DNA sequence: AGTCTATTTGTTCACGATCACAGAACAAGG
DNA sequence: CCTTGTTCTGTGATCGTGAACAAATAGACT
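Protein chains in written order, with our numbering: chain A, 75 to 412; chain B, 75 to 412.
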């Protein structure tokens, strides 16, 4: 590689094509009023030199970086990773680049820091994959400086949100178990501070109340299979438990394992429902009844919303709740007869 | 938001601080030869105006975008997602931004397209998370234009690579089963065209040959639990099968399910080993013996390699093979006595 | 005091694109 | 032939920063 060989610039193309740099610019930006023969000559020169416009120069003068930022938390998990993927896909087709800043913790200082990083880079808008309440409140303040949308979080904030309707999903899951004849449904919740935790717990509680069923105490996990396992050991010790709704599939996996080890049959003795429908859920032992959410779709919708906001297009809706879908498998069955 | 209110620029800071813009620039870039009192005045002005340097202008003049690109495939899966996360983390601490381009298919046209997108954005280097042979050959051609490293792929290409030592991992897994007294070990391989598939299959074969064990025919899956399930149904039909090495944990999960449904006890009748140690593996039924790879570490190392290449620092090593680690759990046990 | 050097600050230009405006070419109409 | 309008193309300024160079200031030493 020759270090002195600088990539060709617009002026080089202009020289080769025998026109001015302005004409090259016009061709590149699809402007009208360029004679066809001239355009062809310019395009030929571009190909010949393998010319690529300098995005920094363009960004400088147009004040548009063509870049969107994504603040993401827990991006190794299936949900966040899928949302990121959906966002990237939608951004590409809208003509934007995507720059990511992932968080290791969700305190508002970290969020602030990540957003600052993205702003320093000159992003035109930011999508936040940050389901914790603290994060949402932190980003609320930023929306005046740069357009922001939240993905997968609840609906309490001032920024536009695209999210799964967690509450109705949880409600459906719980009602499914009640309909099977269970007198009540126990709940393994997510960690406190997460919007999903609250919303799913609320849905569960509403379903119980609506059916006049007793509301047992909640056990909290941290979304991991390990925590589900621990909750499961506790629940297995209580012979009155016949139905459990887990706030996500990973915890349900741990729960299944704990129940199995404790000699409880599923769904013979205890029925279990999860939430998410991760791709492995169909291969658990037994296959898991769960609530499916389409994370990728969520990301796509969020990005479309963000682009709308940027281009000033009609503010279609600011809080989009996507309804989830129940997936029935073999981990649920009628309540055991006593 | 006032549309006319343009963000402050260096000249504004200079005016407030009563210096020239060049002095502001010096303060920002930590140059020497700035009187302390002047520096303080400039910093105060920066804070007062909430000034942020314009990255496009800086990129234009320095010819450095401070941005690295990541081409990623299958980024919703645990492995790729973790690598991406590791890359982002390392990039941040090296002072780079990260721009992602994810692929939906791995033909060389798509790869080329993704790389072009990143180049248009002016990235200084590219990390490719693309474990398929076809992709690797495609990126080989690019390394002359912009520095490239590959993550998690095999070692056949000319570009620098950071990867798990798949072969030795597979060899260890197979030997573990042989040591337990199994006469031979069956293998559920990944889909053709993946470097992991080849390397793990080679390791398995080597271990068998070294032990003088017969080499049974290979069954191929596509990494999904579903495909493992199907392979499992086939293997369960053969009473001679007592040990199976699956090329990844997801397929092992499906396999476990199939064996269970077919009435085979694990590990009583059949022992199973996976590969990856996904976070759920400890909660399978039974918990899965597997080969752990630290994807995040892989990403971090890859990025460091890339940065080394950019800064022209000593080419430490170009092919880094990270040794994996066996994790023994309850899915493996001694061969059944006949 | 005068000279020499080291430190500190300012001036001018360049990066590579777009934008606003001006000028050339061409056709149509009087 | 001249005017008018439309289409096509070129010139110069501009975005906000860093680099090279020049100038001013201060301190040290003869």
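Even glycine gets a Cβ: it sits at the ideal position worked out from N, Cα and C.
All values derive from a computational prediction rather than experimental measurement.
Per-residue contacts from residue 196 of chain B into chain A (C-beta, under 8 Å): 128, 129 and 130
Sorted by chain position, which residues of the same chain lie with C-beta nearer than 8 Å to residue 90 of chain B's C-beta, five sequence neighbours on each side aside? 119, 122 and 123
Please decide whether residue 78 of chain A counts as near chain B, where near means a Cβ-Cβ distance under 9 Å. With a pLDDT of 49 at residue 78 of chain A, under the threshold of 50, the modelled position of this residue cannot be trusted; read the value that follows with caution. So no, residue 78 of chain A is outside the interface.
Should residue 322 of chain B go down as buried or exposed, given a rule of 16 or more other Cβ atoms within 10 Å for buried? buried
For residue 134 of chain A and residue 85 of chain B, the rounded distance between their alpha carbons: 16 Å
Simplified DSSP assignment, three categories, for residue 78 of chain A: Low confidence applies to residue 78 of chain A: its pLDDT is 49, below 50, so where it sits in the model is not reliable enough to give any reading.
Any residues in the segment 318 to 336 of chain B with a beta carbon nearer than 8 Å to a beta carbon of chain A? Which ones, in chain order? 324, 327, 328, 330, 331 and 334
Cβ-Cβ distance between residue 234 of chain B and residue 395 of chain B below 9 Å: Taking 9 Å as the cut-off, the beta carbon of residue 234 of chain B is found no closer than this to the beta carbon of residue 395 of chain B.
Cutoff 9 Å: residue 341 of chain A Cβ touching any chain B Cβ: no
How about residue 264 of chain B: is its C-beta nearer than 9 Å to some C-beta of chain A? no
Rounded separation between residue 402 of chain A and residue 142 of chain B - CA only: Cα to Cα, residue 402 of chain A sits roughly 44 Å from residue 142 of chain B.
Mark residue 289 of chain A as exposed unless 16 or more other C-beta atoms lie within 10 angstroms of its C-beta, in which case mark it buried. exposed
For residue 206 of chain B, the residue or residues it bridges with in DSSP: B/268
Alpha helix (DSSP H) containing residue 112 of chain B: first to last residue? From DSSP, the alpha helix (DSSP H) with residue 112 of chain B extends over 110 to 123.
C-beta neighbour in chain B for residue 364 of chain A, strict 9 Å: no
Is there a C-beta anywhere in chain A that falls below 9 Å from the one on residue 349 of chain B? no
Could you check how far apart the C-beta atoms of residue 299 of chain A and residue 357 of chain B are, in whole angstroms? I think they sit under 8 Å. Their Cβ separation, rounded to whole angstroms, is 4 Å, which keeps residue 299 of chain A and residue 357 of chain B in contact under 8 Å.
Cβ shell of residue 317 of chain B (< 6 Å), same chain only, five flanking positions each side left out: 251, 256, 259 and 345
Which class does residue 393 of chain B belong to by DSSP, given the choice of helix, strand or coil? strand
Amino acids of chain B, ordered along the chain, whose beta-carbon sits closer than 7 Å to that of residue 183 of chain A: Under the 7 Å cutoff, chain B gives no residues; its nearest Cβ is about 15 Å from residue 183 of chain A.
Does DSSP classify residue 287 of chain A as helix, strand or coil? DSSP places residue 287 of chain A in coil when its eight states are reduced to three.
Taking Cβ to Cβ, would you say residue 274 of chain A is nearer than 9 Å to residue 369 of chain A? Taking 9 Å as the Cβ cut-off, residue 274 of chain A and residue 369 of chain A do not qualify as a contacting pair.
Count the other C-beta atoms from every protein chain shown that fall within 10 angstroms of the C-beta of residue 80 of chain A, then say buried if there are 16 or more, exposed otherwise. exposed
Distance, residue 171 of chain A Cα to residue 76 of chain A Cα: Note that residue 76 of chain A scores 47 on pLDDT, short of 50, meaning its location in the model is unreliable and no value can be drawn from it.
Quick check on this structure: which residue in B/176, B/240 and B/129 has the alpha carbon closest to the alpha carbon of residue 367 of chain B? Selection B/176, B/240 and B/129 evaluated against residue 367 of chain B yields B/240 as nearest (Cα-Cα).
Residues near residue 138 of chain B by beta carbon distance below 7 Å, same chain, minus five either side: 198
Expressed to the nearest angstrom, what Euclidean distance is found between the alpha-carbon atoms of residue 78 of chain A and residue 175 of chain A? With a pLDDT of only 49 at residue 78 of chain A, under 50, the local geometry of the prediction cannot be trusted, and the value read off the model is given with reservation. Between residue 78 of chain A and residue 175 of chain A, the C-alpha separation is close to 34 Å.
Just list the residues that DSSP pairs residue 293 of chain B with in beta bridges. B/262
Listing by chain order, which chain A residues have their CB less than 8 Å from the CB of residue 176 of chain B? 159, 162 and 163
Whole beta strand (DSSP E) elements within the segment 115 to 174 of chain A, 3-residue minimum: 141 to 147
Check for me: the alpha helix (DSSP H) holding residue 224 of chain A runs from which residue to which? Run containing residue 224 of chain A: none in the alpha helix (DSSP H); it sits in the beta strand (DSSP E), 222 to 225.
Per the contact definition of three or more C-beta pairs closer than 8 Å, is the segment 93 to 109 of chain B in contact with the segment 140 to 155 of chain B? no
Quick check on this structure: which residue in B/268, B/363, B/411 and B/405 has the alpha carbon closest to the alpha carbon of residue 181 of chain B? B/268
Given this structure, state the Cα-to-Cα distance separating residue 102 of chain A from residue 165 of chain B, to the nearest angstrom. Within the model, the alpha-carbon separation for residue 102 of chain A versus residue 165 of chain B is close to 33 Å.
Following the continuous beta strand (DSSP E) through residue 401 of chain A, name the residue where it begins and the one where it ends. 399 to 401
Let me confirm a value: residue 271 of chain A is counted as buried when at least 16 other C-beta atoms fall within 10 Å, else exposed. Which label applies? It is buried - the Cβ of residue 271 of chain A has at least 16 other Cβ atoms within 10 Å.
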